[in-house]
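Protein sequences appear in the order of chains A and B. Numbering-wise, the first sequence is residues 1 to 779 according to the working numbering. Numbering-wise, the second sequence is residues 780 to 1387 according to the working numbering. Glycine included, each C-beta is placed from N, C-alpha and C at the ideal position. Structure first, commentary second.
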Amino acid sequence: MRRFPILASALICAAPLLAQAGLLVPTSTGRPDASVLAIREMAIDIGIARGYARVNVRQVFENRTEAVQEGTYRFALPPSASVGDFAIWDGLQRIPGVILEKRRARAIYRELTKEKKVDPGLLQQGEEEDQQAGEEGGAGRPSGGSLFSVTVSPIPARATKRLELQFQEETPLIGGVGEFRLVLRPPDAEAPVAAKLTIHVYIEDGVFEPAASGLPLTASADGAEFSGEQVKLDRDLVLRIRPKDAEPLKLSAFRNPDGALPDGLALAPWERPSDVPPEKDGFFLLEATPSGGKAAAPQAAEPAHPAQNLVILFDTSLSHRWGGLETAYGDLVRVLQSLKDQDRFALIPYDHSPASGAQLAAPTPAAIEAALTALRARPLGPGADVPQALAAARALAGPKGRILLLTSGQGVAASKALKAALAGAPLFTVVTNGEAGESLRAASSQLLSPTATEIEGDLFFRRLLAPADAAADTAVAASGLPFSVSGGDPKLRDVYPVLVRPMAAGSLSGWVGRYGTPQPKVRVELASPLFPGGRQAVDAAFPEKALEARDLPRRWARARVDDLLARIERDGERREWVDEIIALSKRYKFVTPYTAFLAAPRSLLRPRRIQPGDPVLRVECDAGTVSAAALLPFGLKLDLVRRPQSNVWEGRFLVPEGLKDGTYPVRILIQDASGARVSETKHFVLDGTAPEIRPDLPAVAHPGELVRITAKTDKDVVFLSARIGDAPPVPLRWDPAANCSVGLARLPQGTAGAQEVVFEAVDAAKNRGFARATLEVRP
Amino acid sequence: MFFLQKRRTAVVAAVGITLLFSGAGLYLKLKRDVGSALDAPRGATRPLSFLPLPEPASSLPRWGGGEVVAVALTPESFFTAGGSGVRDERGDASAELPTLRASAVASWRGDAVAGLEAGGLFLRRGGHWEELRTGFGLLHARALLETPGGELLIGAREGLFRAAWGATAMDRLDAAPVQSIALAPSGAVIEGGETGLRRLDGSRVKALASPDPWIQWVGVQTGDLAVLTPLGLARGPLEGGLAPVAGCEGATSAAFSDGHLYAAVGGRLLSLDVSGRPSELFLPSQPRRVMASAGTLFVDTDAGLYRRGEGRWELARPRPASLPPGSSHIGALAFLNGKLVVGFFDQGLAAGDPSAPSWNWRSVQDQAAWGVNALLPSGGALYVASLRGAARFDGEHLRPVGGADAGAAFAMAPSEGGLAVGYGQGVALPDAHFLSAFHGLPGNQALALAQDPGGLLFVGTPTGLGAIRGARVAWRVTSADGHLPNAWVASLALFNGKLYIGTYGGGVTRRDTPAADRAAMGTYEAFPETAGFKASSGCLVAAGGALYLGTDGQGLFRLSADGQRVEPVKAPLPSPHITAILPAKDGLFIGTDEGLAKLPLPLPGEGA
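Written out as structure tokens, the structure reads:
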């Protein structure tokens, strides 16, 4: 009998979770495969205005086989993004998703599937099963860095399937440059080819600047565009935006007293009239882009900073593994290398308790190396007591010290406990796995999520060591607002900060809110040391009617929902808050942890997943399933058993000896309590061939140097790493420009002579391949 | 001149390319022709020979599954086939056969012919078995049927075959996989398998419509055709038009006998008359499977095999001592409070009394252990490593240990200060620390663990061997080092002060260290006679002063007394796929993928 490693290991690719265009992955192969499902057409429309991007992705996938296919549509979104629409086409019929309360959507879904009259699809963020919002991990941000996954079936033989996805997200503007990035290149698979790709970018208040690393966009009259055929999606869509005008303070508004958009209004290509809520109240956005004022000069120069006591907490709990651990380690090295002689640092690993004995030390190479070595030698342990670790760090850092928390984001206590442990000390948090919870957001002065853009990361690490006054926020006026309005009372309410917080020189910050009484002319004034003279004013109007800034209602609703979620985290769930979140979600049309899309009458999602190539066959069934069996192609009828507290059914089997590698069908028979039976054909891939690795190393390297390690391997490899000597492994990622996988590893000081570099590749079927090479290290 | 020279070069190149393509085309055609000649067509004839099997060197008590899947009545005897092998009235008649579990049995010209689930076809003549060897390779027979003309029809995973009595050749009638065969009154063969229902008239194969393409059973009585599919029982005229039989959607087996169609449905036996009207028949014990042979109806129950005769049920054969109902694929074995605890590869735990003739099995009704990989008695309890993680079994209840998110567990070992558990993501140490590849282990999936008295905890992974001292990785050996014949370390054992390493695909190697430095990486010495062996997980076990090795497919082995070689242990085990070895006071319990056996120690033929 042939055996395969049984455990389906966790996602081991450490690719950043940026906004990602969807990709339909055929179930039969388990990975993107153009010979099965190819992208026939892809159109991306992006509108960027006021630091906000609205993205429409339309894709047509083509089934190139003679068999009916099933695919999983996957897309990932950053924390600031909201899914506004998702639709699937069945021939000429567009089946849009309808937002419902999550529990109700589930109940309808079950009812419909039980009656078998229709086969609806349920799209919800994160885990597809019954974790309730409000439970641990449930009450995340509306679309906070979640991975969406929807099964699309059936895709008839030789037919096409059209999918539409719309979302909005903040586009950060930092240091005078804005950045928008849409991931097109799959992080762990061969780049697909789009037979036809068109991209239109409309930039309302900025000028497009090409980015070297992205698709070769060209400037157009109103933004940028791209059009091509047979385009290999091995590069992302990256936009740099230079603001058109440098107005330090600007007010935009939307008010539609008629409750409906007038005929003849020119809508952008991605807009639908039904998207604009029939809202008679006014919405506004105050944008602030300070030039820097007195604080600008030191920031523009060499990034010198006053002496800092920095205590770094490194999560060594069991939840901090794989890519997250590597990312955290990389961030740690980055911070340590940016410390100056006058600084003092301490590194405290923690799991269920913090490591004892840490002391503040000067950041000498020896001290840094010793700290890193001790960290690498520490095994991962169960549990993560963040408050205890924060209290230990606070005691060591002193009243003026700073604390950097590198965490997986799992198992974090409530914000009250975190704040109590901090006792007023500023906390800078880097979350490396999954979502950043509300409690961490509430307790942190600055938080870097795993989905942050490059410019956001740069700002975070700059602020970590920057003087406290450079990161000063605006003063709060007597009205309770961060700005003051004179010349009329627009009756502002529900004002929330958006974009960069707190303000930074050359960066776009903002406040979004509602106004009740239009005012033709008012003066808005904002106080901040980042403005020349410490104050900036603008004459503007809260108009009776303004229809241009149509993104504002949804943007405000999103900020309001974020605020309600933060309250729920702080004070516990209240019915009125949940009801308001659900109402806002439906009215302004975006998904929250309490709502879900239900697309009826056709199938979008069948929550039945099979892990291919694994002798433990797992099928996720409806909750009402009473029995499940798998009919395997070699004549085995495998009765599946339900995993406790789940809807996953599983069976263990051995692949008969002599069965060749390839794709095999498996029929799943499911029976519900009423006796109704469903039979579905899935596929699993049998792959028993270990991947081959062809390493390529530089001839000579030097101690302390960052070594570029490259290798080529099989196309189905999902994870490739290299380890120099006893150092921790570093991941190698595909670099289309170099036509190979590339990783960077720092050679420890004191290394000399021939060093063995061991490469390991893991393919989609969990086969492992190894290679070794020698690196000559000379002092 | 230059122009002419250039033209000549072009012509030569063109001719060369043409020749190259022609050659390639010829080669491909030749390859295809040879391939198709070697690949047996649907109707093909290949040689058939009968090879007597040697007598077994010894007999062993063996326990497989108790179920019966087929019955054959011969003039001399009455044979059953099932999880406990081929049996006649004297008991186990399959000691000579290479594996235990039988999938089919039939009478052929008065002799029994049987098929094994692991493959192979055997004829019992004069009280001895002969293997039917054919040019079609190893056949996995699921159905056997003798035609009125005395020919044997063989329905197998590899297709439908026919052998004439005394012939030296076998015909393949159809290449599609077959699970069941029936004969129509016209002589046509009705066959069904994974890919549909077919009718074979002479050499002509015709597909028949059925409610589901997966045919588990097919039966014909006069003009009536019935099939059993995963969707239930369907019935109709032979000419076509099968319709589901109401109330038989959950049928698991069926048979025609004396004008009635019988079906086992949800623990009940139903009889359906010609009009389809059902009535329930009551047996002394719950029916599990219904079958017919030579017109006689048999029903397999928990109490044994019953025969319908004279309007009443009579016990034709009691159920043999066997494993509890369900799987007989053993994953691990251990003793707890005098009971033998069996952990199943694809189920949970069961405990039996070795002193009771029928074992008195009791299945542990707890879902905390499923897909058992290892068992370890410790502190009056039994620790279980399964695909659902690690758990503690006190003889009554299972209690998960190691956290809900720990994932699948594969190995355990008593370690300094407690229990070390090998998970798919690394090793959990007794002090609640967790070590993985990040900390220097050669891989994350810990398949084998062994604690050295000197303080090292050895860890076997699919990618090499590691050693932990305290909470640190002391050293590791990977495929790149050349010390291991295969990096996939499946089992580890300390024997006479040395570490023996069983690899999956590379056999066994031995680690030795200087006496002054027992914690060193050491030197490695392979046993070349085990090259290519697939050592099974947890199957390097010291017992009775010897070290035993269980393999996946090659059987059981033992380290010679001088420790210089590994030699086979010849014993009629249920299967050569050894999955567990457990020393007992008077022998070794051997677990396999087809059941359990007990090997006496010292081995038969050896002195005490």
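Test item: CB-CB of residue i and residue j under 8 Å
| i | j | result |
| --- | --- | --- |
| B:LEU902 | B:ILE933 | no |
| A:ALA393 | A:ILE403 | yes |
| A:THR517 | A:PRO490 | yes |
| A:VAL619 | A:LEU584 | no |
| A:LEU631 | A:VAL666 | yes |
| A:ASP696 | A:ALA673 | no |
| A:SER509 | A:ALA288 | yes |
| B:GLY1374 | B:SER1107 | yes |
| A:TYR515 | A:PHE483 | no |
| A:LEU448 | A:ARG441 | no |
| A:ASP409 | A:SER317 | The residue asked about is misnamed: residue 409 of chain A is Gly in this sequence, not Asp. For A:GLY409 and A:SER317, no; Cβs fall outside 8 Å. |
| A:GLY214 | A:LEU237 | yes |
| B:ALA1269 | B:GLY1239 | yes |
| B:ALA1129 | B:VAL1143 | yes |
| B:ALA1148 | B:LEU1177 | yes |
| B:MET977 | B:ALA986 | In the sequence as presented, Met is not what sits at residue 977 of chain B; that position holds Arg. Result yes, Cβ atoms of B:ARG977 and B:ALA986 sit closer than 8 Å. |
Where residue i falls, given that 16 or more other Cβ within 10 Å makes a residue buried
| i | result |
| --- | --- |
| A:GLY613 | With a pLDDT of only 35 at A:GLY613, under 50, the local geometry of the prediction cannot be trusted, and the value read off the model is given with reservation. Under this definition A:GLY613 is a buried residue. |
| B:GLY1131 | buried |
| B:ASP1393 | Nothing about residue 1393 of chain B can be read from this structure; chain B reaches only from 780 to 1387. |
| A:SER767 | One point to set straight first is that residue 767 of chain A is Asn, not Ser, in the sequence displayed. Burial call: buried. |
| B:LEU807 | exposed |
| A:PRO593 | buried |
| B:ALA1043 | buried |
| B:TRP944 | exposed |
| B:GLN958 | buried |
| A:VAL83 | buried |
| B:ASN1265 | buried |
| B:ASN1275 | exposed |
| B:PHE800 | exposed |
| A:GLN645 | exposed |
| A:ASN56 | buried |
Complete beta strand (DSSP E) runs within the segment 680-721 of chain A (minimum length 3 residues, chain order):
693-696 and 706-713
Residues of the segment 507-540 of chain A with a CB closer than 9 Å to any CB of chain B: list them in chain order, please.
none
Closer than 7 Å, Cβ to any Cβ of chain B: which residues of the segment 714-728 of chain A, in chain order?
Residues passing the 7 Å Cβ filter: ASP726 and PRO728.
Would you be able to state if there are at least three C-beta pairs under 8 Å between the segment 644-655 of chain A and the segment 731-747 of chain A?
no
Select from the segment 952-973 of chain B all residues with a C-beta closer than 8 Å to any C-beta belonging to chain A, and list them in chain order.
PRO956, GLN958, GLY972 and GLU973
On the three-pair Cβ rule with 8 Å, is the segment 769-778 of chain A touching the segment 700-711 of chain A?
Between the segment 769-778 of chain A and the segment 700-711 of chain A there are three or more inter-stretch CB-CB distances shorter than 8 Å, so the stretches are counted as touching.
For the segment 746-756 of chain A and the segment 792-805 of chain B, state whether three or more C-beta atom pairs, one from each stretch, are separated by less than 8 Å.
no
The segment 1135-1155 of chain B: positions lying closer than 7 Å to chain A by Cβ:
GLN1146, TRP1149 and GLY1150
How about the segment 346-355 of chain A and the segment 323-330 of chain A: do they share at least three Cβ pairs that are nearer than 8 Å?
no
Write down every uninterrupted run of the beta strand (DSSP E) in the segment 1243-1273 of chain B whose length is 3 residues or greater and which is fully enclosed by it, in chain order.
Counting only runs of 3 or more, we get 1243-1248 and 1251-1257.
Meets three-Cβ-pair contact criterion under 8 Å: the segment 52-68 of chain A and the segment 154-166 of chain A:
yes
Contact list for the segment 989-1020 of chain B against chain A, Cβ threshold 8 Å
ASP991, TRP993, GLN995, PRO1009 and LEU1010
Residues of the segment 367-385 of chain A with a CB closer than 9 Å to any CB of chain B: list them in chain order, please.
ARG376, ALA377, ARG378, PRO379, LEU380, GLY381, PRO382 and GLY383
Unbroken beta strand (DSSP E) runs of length 3 or more, entirely within the segment 410-458 of chain A: which are they?
427-431 and 446-448
Just by C-beta distance, which residues in the segment 1194-1205 of chain B are closer than 9 Å to chain A?
TYR1202, GLY1203, GLN1204 and GLY1205
Using a Cβ-Cβ cutoff of 7 Å, what residues of the segment 1244-1264 of chain B are near chain A? List them in chain order.
ALA1250, ARG1251, THR1257, SER1258 and ALA1259
Could you please tell me which residues of the segment 1208-1238 of chain B, in chain order, have their CB closer than 8 Å to any CB of chain A?
Hits within the stretch, in order: LEU1208, ALA1211, HIS1212, PHE1213, LEU1214, SER1215, ALA1216, PHE1217, HIS1218, GLY1219, GLY1222, ASN1223 and GLN1224.
When Cβ atoms are compared, which residues of the segment 1037-1059 of chain B fall closer than 8 Å to chain A?
none
Interface residues of the segment 921-951 of chain B facing chain A [CB-CB below 8 Å]
ARG921 and ARG936
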